[in-house]
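Enquirer: Residue numbers for the sequence shown follow the numbering used here, beginning at 4 and rising by one. Using N, Cα and C, we set each Cβ at its ideal position, and we do this for glycine too. Starting off with a structure, shown below.
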Amino acid sequence: MTPSVQATPEPQPGLVARLSAEALGSMFVVVVAVGVGIFSNPGAAPLPLALATGLAVTAAMLAFGYVSGGHFNPVITLGNLIAGRIRAVAALGYLAAQIIGSVIGAALIYFVVSTVPVLKDARAAFDVVAPGFGEHAAAQTQLAGVLLVEVLGAALIVAVFLGATAGRRAVPAMAPFAVGLSMAVLLQLGQVLGNLPFNPARATAQAFFSSSWAVEGLWLFWVAPLMGAALAGLAFRGFQGLSSAEASAPADVLGGSDGVNDSFDATIDPVEEIEVQESAGKPDIVPSRAVQAGPVNDDARDFFDGKKGK
4 MTPSVQATPE PQPGLVARLS AEALGSMFVV VVAVGVGIFS NPGAAPLPLA LATGLAVTAA
64 MLAFGYVSGG HFNPVITLGN LIAGRIRAVA ALGYLAAQII GSVIGAALIY FVVSTVPVLK
124 DARAAFDVVA PGFGEHAAAQ TQLAGVLLVE VLGAALIVAV FLGATAGRRA VPAMAPFAVG
184 LSMAVLLQLG QVLGNLPFNP ARATAQAFFS SSWAVEGLWL FWVAPLMGAA LAGLAFRGFQ
244 GLSSAEASAP ADVLGGSDGV NDSFDATIDP VEEIEVQESA GKPDIVPSRA VQAGPVNDDA
304 RDFFDGKKGK
């Protein structure tokens, strides 16, 4: 008898490793965002800051996404939690790691700023990049406008992340670029309106080293983006429910084949097809795809590992 061929699943990184990756990635993003913002002129030319931050997000996801899933932002973690792609305990750990990493990143830039002779007041330098509204916003944007843009921007970022890392047609190498470019585009708008970061951890880190008004208005930059993340997570969960219902319903109930989507849905992985054909002639051999790899804690992390859902 020929022994069965089974795929050995790779062990998932432990929670400590995942939290470390989240903290390191968050620190990297904040160092780039705050550093470029202070040592450039984001009010007159917001593109360098927006592009640099978007590229930092992309680089961090490429570097650490296979470990933690590449969140680096509480809104993305909340969206994954509501969408059912991460457990509550892990989400709380991610949130703490993101805040700690962001604060460390801001502290490093604060130290650098304090060593620059032409910058007499480090807190005043941080005020330039701190998120705000009303008199503390470059465009004097009022609270309602900032609230709406933060909700919309966070919802779009979460939607792009969830959409780019879900489904069998998603490409792991392209997801970081989709998220990073989306962040860059939205930051281009946010910088003009009031340094909107669409990232509560980054907003918190910047407020710690800015004037008191930044801390007083920090609540808005938690409430608004988390609202947007919740909306996107609920929408994604609803889409998943609809997809599951359609997949389980008979073809005649769904209106039959559309002739286009079915041609894509019928695509079979060549490796899987070969394994199935070989196993058909050899009962002792089972396809490696049939082996269960154990419980999944984070679909986004598995996505970067190449374990996309079928």
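Figure out for me which residue from A181, L192, E153, Q243 has the closest Cα to the Cα of V78.
Expert: Nearest option by C-alpha distance: E153.
Enquirer: Which whole-angstrom value describes the C-beta separation of A227 and L150, a residue pair presumed to lie in contact below a C-beta threshold of 8 Å?
Expert: Between L150 and A227 the Cβ distance is about 5 Å, and since that is below 8 Å, they are a contact.
Enquirer: By how many angstroms is the C-alpha of V60 removed from the C-alpha of V115?
Expert: Each residue's Cα considered, the two are about 22 Å apart.
Enquirer: Does any residue of chain B bring its CB to less than 7 Å from the CB of A127?
Expert: No chain B is part of this structure, which consists of one protein chain only.
Enquirer: Would you call the CB atoms of R126 and V70 closer than 7 Å?
Expert: Not a contact, by the Cβ cut-off of 7 Å.
Enquirer: Using a Cβ-based criterion (distance less than 6 Å to any ligand heavy atom), does V92 qualify as near the ligand COA?
Expert: With respect to the ligand COA, the structure shown offers nothing to examine, as it has no ligands at all.
Enquirer: Rounding to the nearest angstrom, what Cα-Cα distance links G259 and A235 in this structure?
Expert: Since pLDDT at G259 reaches only 44, below the 50 mark, its modelled position is unreliable, and no value is offered.
Enquirer: Could you tell me how far apart the beta carbons of Y113 and F224 are, in whole angstroms, since I believe they sit closer than 8 Å?
Expert: In fact, because the Cβ distance is near 19 Å, the residues do not count as touching under 8 Å.
Enquirer: Excluding the five sequence neighbours on either side, which residues of its own chain have a C-beta within less than 7 Å of the C-beta of A128, listed in chain order?
Expert: Within the same chain, A128 has close Cβ partners I41, V116, L122.
Enquirer: Can you give the Cα-Cα distance for L257 and F75, rounded to whole angstroms?
Expert: Because L257 sits at a pLDDT of 37, beneath the cut-off of 50, its placement in the model cannot be relied upon, and the following sentence gives the value as read from the coordinates. Approximately 39 Å, taken between the alpha carbons.
Enquirer: I'd like to know whether the C-beta atoms of I107 and L237 end up nearer to each other than 7 Å.
Expert: Taking 7 Å as the Cβ cut-off, I107 and L237 do not qualify as a contacting pair.
Enquirer: On the three-state DSSP scale, how would you describe P120?
Expert: P120 falls in the coil class under three-state DSSP.
Enquirer: Return the CA-CA distance between G231 and G135, expressed in angstroms with no decimal places.
Expert: Going by the C-alpha atoms only, they are around 18 Å apart.
Enquirer: Starting from W222, follow the alpha helix (DSSP H) in both directions and report where the run begins and ends.
Expert: Element bounds for W222: n/a, residue is neither H nor E.
Enquirer: Report the three-state DSSP secondary structure of Q145 (helix, strand or coil).
Expert: Coil at Q145, not helix or strand.
Enquirer: How big is the Cα-Cα spacing for A2 and G73?
Expert: The chain is shown only over 4 to 313; residue 2 falls outside these bounds and no answer can be derived.
Enquirer: Mind reading off the beta-carbon distance from F164 to G82? Whole number of angstroms is fine, and I expect it under 8 Å.
Expert: Between G82 and F164 the Cβ distance is about 7 Å, and since that is below 8 Å, they are a contact.
Enquirer: First and last residue of the alpha helix (DSSP H) that includes F180?
Expert: Segment 178-197, the alpha helix (DSSP H) holding F180.
Enquirer: In chain order, what residues of the same chain have a beta carbon less than 7 Å from the beta carbon of V39, not counting five sequence neighbours either side?
Expert: Once the five neighbours on either side are set aside, the close Cβ partners of V39 are P51, L52, A55.
Enquirer: So what's E275 in DSSP terms, helix, strand or just coil?
Expert: Note on E275: pLDDT 41, under 50, position unreliable in the model; the coordinate value appears next. E275 falls in the helix class under three-state DSSP.
Enquirer: Considering only the beta carbon of each residue, do A26 and A100 sit closer than 7 Å?
Expert: Taking 7 Å as the Cβ cut-off, A26 and A100 qualify as a contacting pair.
Enquirer: With a threshold of 16 other CB atoms inside 10 Å of the CB of D124, please say whether the residue is buried or exposed.
Expert: Under this definition D124 is an exposed residue.
Enquirer: So the alpha helix (DSSP H) F201 belongs to, where does it begin and stop?
Expert: Counting along the chain, F201 falls outside any alpha helix (DSSP H), and DSSP gives it neither H nor E.
Enquirer: According to the neighbour-count rule (16 or more other Cβ atoms, all chains shown, within 10 Å of its Cβ), is S215 buried or exposed?
Expert: Exposed.
Enquirer: Measuring CA to CA, which of A187, A91, L146 is closest to L221?
Expert: For the residues A187, A91, L146, the minimum Cα distance to L221 belongs to L146.
Enquirer: Please say whether G57 and L199 have beta carbons closer to each other than 7 Å?
Expert: Not in contact: L199 and G57 (Cβ atoms no closer than 7 Å).
Enquirer: Any chance you could list the beta strand (DSSP E) runs of at least 3 consecutive residues sitting entirely within the stretch 18-76, in chain order?
Expert: Listed in chain order, there is nothing to give.
Enquirer: If I measure Cβ to Cβ from D265 and keep anything under 8 Å in the same chain, skipping five residues before and after, which residues do I get?
Expert: Model confidence at D265 stands at a pLDDT of 38, short of 50, so the residue's coordinates are unreliable; what they give is reported in the following sentence. Result list for D265: empty, nothing under 8 Å.
Enquirer: Which residues in the same chain as L98 place their Cβ atom closer than 7 Å to its Cβ, once the five residues preceding and following it in sequence are excluded?
Expert: Taken in chain order, the residues that qualify are P77, T80.
Enquirer: A127 lies in the alpha helix (DSSP H); which residues open and close that run?
Expert: That run of the alpha helix (DSSP H) goes 125-130.
Enquirer: Per DSSP, what kind of secondary structure is V174 in: helix, strand or coil?
Expert: Correct three-state label for V174: coil.
Enquirer: Do G197 and T118 have their C-beta atoms closer together than 7 Å?
Expert: Contact: no.
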